[in-house]
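Working notes, beginning with the structure itself.
2 protein chains.
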Amino acid sequence: MVSSLFWIVPISALFALLFAWIFYKSMIVQEEGTDKMKEIASYVREGAMAYLKKQYTVVGKIFIILVALLAVLAYMGVQNPFVPVAFLTGGCFSGLCGYLGMRTATFASNRTAWAASKSLNKALQVALRSGAVMGLVVVGFGLLDISLWFLFLNGVIFTPEHMVTGLKFIGLTFVPIGIDEHQKLIEITATMITFGMGASTQALFARVGGGIFTKAADVGADLVGKIEAGIPEDDPRNPATIADNVGDNVGDVAGMGADLYESYAGSILATAALGAALPSLAGADQMKAIVAPMLVSGIGILLSIAGVYMVRTKESATPKALLNGLLLGTGGSSFLLLIVLAVMAYAGWITWGVFGAVVSGLVAGVIIGQSTEYFTSDGYKPVQGIAKQSQTGPATVIIEGIAIGMFSTWVPVLVIVAGIIAAYGFAGGFHNFAFGVYGIGFAAVGMLSTLGITLATDTFGPIADNAGGNAEMCNLPKEVREKTDALDGLGNTTAATGKGFAIGSAALTALALIAAYMEEVKMWLGRMADKSPDGFKQIGETLFYKSHAPSILHEGQKAVDLGHATIRDFVSAYDLSMFNPILLAGLFIGAMMTFVFCAMAIKAVGRNAGRMVDEVRRQFREIPGIMEGTGKPEYAKCVEIATAGAQKEMVVPALMAIIVPVLTGIVFGVPGVVGLLAGGMTTGFALASMLNNAGGAWDNAKKFIERGNYGGKKSECHKASVVGDTVGDPSKDTAGPAMNILIKLMSMVAVVMAGVTVAWSLF
Amino acid sequence: MVSSLFWIVPISALFALLFAWIFYKSMIVQEEGTDKMKEIASYVREGAMAYLKKQYTVVGKIFIILVALLAVLAYMGVQNPFVPVAFLTGGCFSGLCGYLGMRTATFASNRTAWAASKSLNKALQVALRSGAVMGLVVVGFGLLDISLWFLFLNGVIFTPEHMVTGLKFIGLTFVPIGIDEHQKLIEITATMITFGMGASTQALFARVGGGIFTKAADVGADLVGKIEAGIPEDDPRNPATIADNVGDNVGDVAGMGADLYESYAGSILATAALGAALPSLAGADQMKAIVAPMLVSGIGILLSIAGVYMVRTKESATPKALLNGLLLGTGGSSFLLLIVLAVMAYAGWITWGVFGAVVSGLVAGVIIGQSTEYFTSDGYKPVQGIAKQSQTGPATVIIEGIAIGMFSTWVPVLVIVAGIIAAYGFAGGFHNFAFGVYGIGFAAVGMLSTLGITLATDTFGPIADNAGGNAEMCNLPKEVREKTDALDGLGNTTAATGKGFAIGSAALTALALIAAYMEEVKMWLGRMADKSPDGFKQIGETLFYKSHAPSILHEGQKAVDLGHATIRDFVSAYDLSMFNPILLAGLFIGAMMTFVFCAMAIKAVGRNAGRMVDEVRRQFREIPGIMEGTGKPEYAKCVEIATAGAQKEMVVPALMAIIVPVLTGIVFGVPGVVGLLAGGMTTGFALASMLNNAGGAWDNAKKFIERGNYGGKKSECHKASVVGDTVGDPSKDTAGPAMNILIKLMSMVAVVMAGVTVAWSLF
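Going down the list, the sequences are from chains A and B.
Quick note: to get the working numbering, add 3 to the position in the first sequence (first position is 1).
Quick note: to get the working numbering, add 3 to the position in the second sequence (first position is 1).
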């Protein structure tokens with residue numbers, strides 16, 4: 004029986020979808036603008052849809068292969084039987100979010116541009132509410148997927164009467180019979196974490212593939228169009244200009260959405276599993292601990308919806324006032340959430356420790372976002388310093404940017420460390436590991452609880468950007484462009500803080516997954532023990548058993564009941580200390596993986612950009628009248644080439660990110676995997692912060708010069724700053740965000756493959 | 004009583020010094036060349052000496068402060084009483100090596116140039132043997148310092164009759180009375196590791212300060228001289244040209260020497276301490292285990308001397324033949340070492356396990372060096388790829404270089420992982436931790452055993468480079484410059500492999516120090532236990548005692564005799580598992596430290612280069628007739644400014660590198676420190692490999708273009724490649740090598756401050 008408060012969770016999820024639909028409808032009835040505006044928007048929409056179609060075809064194939072592999076592993080008894088199916092639901096829901104979000108965004112751009120010709124506030128509303136569609140479908144489908152599976156597993160599969168038939172029906176070799184209610188919930192939640200794998204795989208392609216697409220299109224449009232042909236940005240004569248606009252949607256709407264869908268689902272699932280495994284919890288309390296992270300997320304959804312309605316601005320708003328308008332929405336919903344949670348803690352529904360952990364996560368997210376803003380906004384010294392270095396040429400611009408990116412890592416790292424320790428301390432008081440890591444999970448859940456609105460403000464950026472492009476291509480009056488530019492500038496700020504937020508939540512989610520990994524290992528040890536003729540599984544000198552204790556123990560051996568095993572038992576059996584060279588090997592490999600994955604992403608952008616450059620040059624050469632505006636460029640062809648290239652470039656990095664954790668598990672066992680995940684998480688977090696901040700700083704240093712500083716546009720300083728911006732593009736939009744994906748995906752693969760590692764590892 | 008074989012150690016050390024003197028003498032009697040050559044050489048020599056004087060003055064002040072602090076800590080009973088003194092001997096010997104090596108190198112440059120006008124082989128001999136002076140003084144003084152202290156502590160201080168008086172005399176609060184011979188050796192070796200701190204501090208200033216000096220001089224000379232004034236490289240009219248030549252000596256001779264002195268001493272000391280603490284060794288066997296790493300190093304010295312004599316080449320040697328000539332020296336001495344060690348293993352003086360560990364270290368060093376060569380030499384695809392990217396401008400050169408640097412990390416990381424696991428497995432068979440980490444220590448010792456000759460081939464590079472500069476400034480015939488260029492090219496190869504070797508040995512040394520750190524903690528736990536009224540020190544639920552077991556144990560508590568404590572007891576008491584969030588916090592901070600330290604080093608180069616640029620411009624403006632060659636530039640002034648700047652820039656990074664481990668120890672305790680060191684080591688290793696390889700690749704891509712590819716000198720491609728080279732300079736010569744120092748220094752500080760951490764930590 005699930006508790007009655009649980010029903011808030013699926014209801015909130017449905018509310019999210021309902022309001023997503025309402026916001027979509029309220030946007031779609033807005034005026035579309037001139038025929039030209041409709042036409043341009045339709046090109047972008049068609050390009051975006053063509054991209055998605057191609058991507059989903061490739062992902063679909065990968066999914067078929069992975070589902071088949073997972074099914075084989077399940078048949079061999081080293082994988083959960085539900086994973087192949089759940090893998091699909093997670094992947095499909097995430098993909099559906101990407102589709103709906105991009106569709107909305109591409110309908111919204113010309114409507115936003117047209118609204119801007121009427122009123123700034125109206126344009127803000129159209130863009131933000133369209134962004135909220137993405138935000139709300141992500142949290143809605145994410146939470147719906149989780150609650151449906153939980154209800155299904157809890158009510159249909161894992162019931163005494165159905166279990167045997169149910170599992171035999173799908174021809175499986177393990178049959179968890181005779182477990183009590185407590186054990187049942189542990190099994191269910193540990194199984195459910197693995198369901199995040201589908202979302203992870205989808206995110207890999209959406210975020211990294213999207214990053215490769217968008218930068219290739221950007222470089223192609225700039226290099227040939229702006230520099231070689233000498234036509235302005237967003238000029239309709241440039242064949243790559245539509246691909247460039249599509250790229251904003253692909254990378255920043257669908258990519259960001261899939262990235263955060265993964266974090267959202269992963270953190271809730273991991274925290275629920277950690278909650279189920281909390282020691283010495285009676286029946287109802289265990290259910291509470293499982294439902295709590297879902298409940299916090301559900302309430303967060305309702306308050307995010309409220310937050311969307313709080314955003315408004317005056318017609319003559321300054322950039323500062325615009326920003327405050329948005330902050331009222333995000334800050335307001337977070338503030339309301341804290342009040343609700345405090346009431347819940349007072350009522351005993353969550354502990355005050357959990358409340359503290361949620362606060363830690365929320366505060367950490369805000370500070371990381373603010374530090375990103377400091378290091379990448381031209382209002383502060385770092386960006387101005389880069390602009391100043393442009394006086395001595397491109398080399399000093401690059402050196403200064405790298406130094407600033409590296410230096411900037413200190414804030415996010417110290418903040419995440421403080422957040423982790425605070426969450427751990429609040430929830431577990433430093434002496435209770437299980438409650439402590441449950442708290443860390445809650446820090447991630449807390450950071451992401453108001454994702455509905457934070458993702459809305461993130462998606463708002465590319466919509467405003469596209470609206471500006473649409474206005475430009477359709478020659479709307481200058482003041483319209485000024486208004487969309489104001490919104491675009493606001494979007495850049497939310498994008499910068501959003502990036503910090505994405506990597507922060509990725510690190511916390513990865514950490515919760517690493518902790519949950521041990522629950523997964525525990526479950527598999529139990530299954531192996533049950534299957535073995537001796538009734539136990541030996542790891543080092545420890546014999547883990549589930550049903551009955553081993554009768555004979557040799558000297559130095561220790562028997563541990565898995566029902567009461569603590570993290571210390573696993574640490575000791577597997578030697579998960581920093582002094583185990585196998586774990587250290589994993590740590591080295593994890594650090595290395597982040598560098599190599601970055602390198603692959605960067606090289607992929609370069610190669611794909613090369614293809615775009617060739618195609619744009621070909622069109623300028625072969626299409627008659629293209630420069631005079633009489634010949635029509637083949638926009639779709641550019642989109643197609645960038646899309647095909649991006650998907651092709653994804654194959655090797657994707658395989659690597661999935662295979663390395665599996666291989667590490669088989670060769671180096673559990674200690675190797677734990678080291679790999681920890682090394683990847685710590686180095687990846689620092690590296691992502693560096694790449695994001697350096698890239699953002701270079702970008703804004705260029706814009707700072709373009710506004711007339713150091714000689715303004717076309718000066719030598721500007722040329723130098725363009726070099727910085729070009730280097731920064733793949734850093735901040737491809738390699739940096741790729742780290743979010745890598746650290747979560749490696750953890751998720753480890754969780755999903757825990758059975759393989761436990762059964763087959765060499766060490 | 005030390006064993007008789009031990010005497011080989013100080014004798015080898017003296018041999019090293021004797022041959023250093025012989026090589027010095029054989030160089031100094033060579034002809035000096037023309038008066039002009041003598042004059043130029045004397046400028047460089049004076050500049051180098053002025054630099055050293057200034058640096059040693061600053062380091063001297065820092066040393067006084069640190070010695071005072073260490074003495075206070077010793078008085079408070081949380082520091083070894085010998086450390087303040089030993090700190091000085093290590094620092095002074097390392098400094099003396101720098102002085103002698105630089106002096107030799109600066110005498111050798113004009114002699115090498117003059118020898119080149121006679122014969123290529125002769126020039127090779129002069130340069131290599133002058134380089135061998137540096138190599139041999141480093142290993143000679145390093146091993147002499149260690150053996151003298153060992154004899155002193157073993158024979159004079161830690162004897163039953165002298166101990167009480169000896170220690171009371173210097174007014175100390177801890178008196179290790181009544182320990183047996185076995186315990187005595189553990190105390191001595193654990194104390195001796197802390198002696199590496201002086202060498203570490205010296206290395207910090209020599210390597211990082213040297214890196215800041217050399218790049219500032221380089222940029223100053225290039226930017227104003229070559230680009231603004233349009234005069235060629237090494238032109239005597241350029242005021243910064245002498246500083247540039249001084250820089251080669253400061254960074255690549257003195258800096259590299261101090262870096263490897265630290266690794267050499269650190270790895271021997273750590274391995275000896277790990278050997279002393281091996282469980283269940285009887286008296287003579289314990290002594291063998293302590294002496295073994297010193298002995299391997301001593302034999303390595305003798306074979307290094309032999310190796311120097313093996314190097315020779317034909318007059319018409321191709322670059323390939325020249326390289327083979329050098330390889331005969333380095334490879335030959337390594338090969339002979341393996342034969343000697345095999346004989347020793349056969350005779351039972353070392354185990355076959357140790358033999359395997361030494362082989363692992365040697366092989367790992369060679370492969371890492373070779374991979375560096377692959378990624379940074381223009382004979383292979385990576386560098387050619389960068390050169391190709393110059394066709395699309397500086398931005399793509401930078402992007403490609405960063406990607407190659409990141410990608411290149413996979414080889415050194417996998418090789419070091421394989422080396423660590425092999426050494427651990429050979430020595431301990433995967434089931435004996437103590438023997439396993441002793442093996443890892445031996446891998447470091449093995450890698451560095453033939454340092455006498457490998458450092459000679461490293462120092463050879465800057466000597467040949469300076470010889471070329473001397474020939475250029477003195478207008479020697481073109482074929483002389485061709486010969487010195489051939490030697491210089493050879494030097495670039497050895498420098499590249501030397502860099503891989505330096506970071507590889509730094510990682511292994513740091514790892515051995517982390518393992519030895521626990522021995523240090525153990526020693527301090529014993530002292531705290533002895534001093535406490537209860538006779539034990541409680542960590543978590545474990546009561547560590549030395550003399551007598553605690554009488555009452557509460558439930559869940561465990562009493563552990565420090566005499567028999569294993570690593571598992573510490574792992575459990577301190578919770579040194581990857582799942583301790585405090586340790587994880589350390590891991591995050593360690594990763595972050597490497598980025599921030601890099602950022603500081605890079606920024607320091609930029610600021611210091613700015614000062615040089617101003618000064619060179621001032622001289623061109625104010626000195627009449629400077630461009631016509633009638634006015635004499637103030638070379639010394641440039642050297643002075645770069646020197647003062649470099650030392651000033653060192654203060655903040657130096658403080659940070661020393662304070663962070665201390666602070667981490669006090670706030671987060673032993674788990675935090677262990678995490679910090681592991682995080683710094685893994686991320687620092689990957690980051691250093693990336694920076695070194697990217698920098699080297701950019702440098703050689705530029706040279707590849709200068710040899711006529713893609714339009715050659717002065718083409719647009721060349722300009723783009725110069726940007727890459729300029730970005731690469733601080734990467735490969737300052738930030739990358741700074742990582743070697745950082746990871747060793749943090750470990751060394753942790754070891755030295757173990758007493759403070761054990762006594763005062765909050766967690």
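Even glycine gets a Cβ: it sits at the ideal position worked out from N, Cα and C.
For B:ALA723, there is no enclosing beta strand (DSSP E); the residue is found in the alpha helix (DSSP H) stretching over 719 to 733. DSSP, read as helix, strand or coil, puts A:ASP617 in helix. Under the 10 Å beta carbon count, B:SER374 is surrounded by 16 or more other beta carbons and is classified as buried. Rounded to whole angstroms, the separation of the alpha carbons of B:SER6 and B:VAL754 is 28 Å. According to the DSSP secondary-structure assignment, B:PHE96 is paired through a beta bridge with no residue. Under the three-state reduction of DSSP output, A:PHE539 falls in the strand class.
Legend: CB atoms of the stretch 599 to 621 of chain B lying less than 7 Å from CB atoms of chain A belong to residues VAL599, CYS601, ALA602, ILE605, LYS606 and GLY609. Around the CB of B:ASP288, fewer than 16 other CB atoms lie within 10 Å, so the residue is classed as exposed. In chain B, no part has a C-beta under 9 Å from the C-beta of A:PHE338; the shortest such distance is about 28 Å. Fewer than three Cβ pairs drawn from the stretch 268 to 275 of chain B and the stretch 732 to 746 of chain A lie within less than 8 Å of each other, which leaves the two stretches out of contact. Per the coordinates, the alpha-carbon of A:ALA261 lies some 6 Å from the alpha-carbon of A:ALA209. Counting only residues of its own chain and dropping the five nearest sequence neighbours on each side, A:HIS721 has a CB closer than 8 Å to the CB of SER393, LYS705, ILE708, GLU709, TYR713, GLY714 and GLY715. Note that the C-beta distance between B:THR545 and B:ALA576 is below 8 Å.
In the displayed model, B:THR545 falls within a strand according to three-state DSSP. Close partners of B:GLY682 in chain A (Cβ separation under 7 Å): THR685. The DSSP-derived three-state label of A:ALA594 is helix. Rounded to whole angstroms, the gap between the alpha carbons of A:ALA489 and A:LEU103 is 26 Å. For B:ASP564, the uninterrupted beta strand (DSSP E) segment begins and ends at 561 to 564. Contact check for B:THR487 against B:ALA116 passes: the beta carbons are separated by less than 8 Å. Of all residues in the stretch 374 to 399 of chain B, those with a C-beta nearer than 9 Å to a C-beta of chain A are GLN392, THR395, GLY396, PRO397, ALA398 and THR399, reading in chain order. By alpha-carbon distance to A:TYR383, the top candidate from A:GLY396, A:ASP251 and A:ILE407 is A:ILE407. Taking 7 Å as the cut-off between beta carbons, the residues of the stretch 408 to 429 of chain A near chain B are MET409, PHE410, THR412, TRP413, VAL416, ILE419, VAL420, ILE423, ILE424 and TYR427, in sequence order. Every alpha helix (DSSP H) stretch that sits fully inside the stretch 244 to 323 of chain A and reaches 4 residues is listed by chain position as 244 to 251, 259 to 279 and 286 to 313. At a cut-off of 8 Å between beta carbons, B:SER764 makes no contact with chain A.
Using a Cβ-Cβ cut-off of 9 Å, A:GLU49 is close to nothing in chain B; its nearest Cβ partner there is about 30 Å away.
Annotated three-state conformation of A:SER692 is helix, per DSSP. In this structure, DSSP gives B:SER7 a helical state, which the three-state scheme calls helix. In terms of Cα proximity to A:ASP225, the closest of A:ASP617, A:TYR312, A:LEU154 and A:ALA738 is A:ASP617. Listed in chain order, the non-local C-beta contacts of A:ALA681 below 8 Å within the same chain comprise ILE517, GLY589, LEU590 and GLY593, local neighbours out to five positions each way being set aside. Think of a sphere of 7 Å around the beta carbon of A:SER718: no beta carbon from chain B falls inside it, the nearest being about 16 Å out.
Looking from the CA of B:LEU151, the closest CA among B:VAL211, B:PHE216, B:ALA74 and B:ILE14 belongs to B:ILE14.
The beta carbon of B:PHE591 falls within 8 Å of a beta carbon belonging to chain A, placing the residue at that interface. In this chain, the alpha helix (DSSP H) harbouring A:ALA130 covers 123 to 155. Contact annotation, B:ILE191 with B:ASN157: C-beta distance approximately 6 Å; criterion of less than 8 Å satisfied. Interface criterion met: the Cβ of A:MET693 is under 8 Å from a Cβ in chain B.
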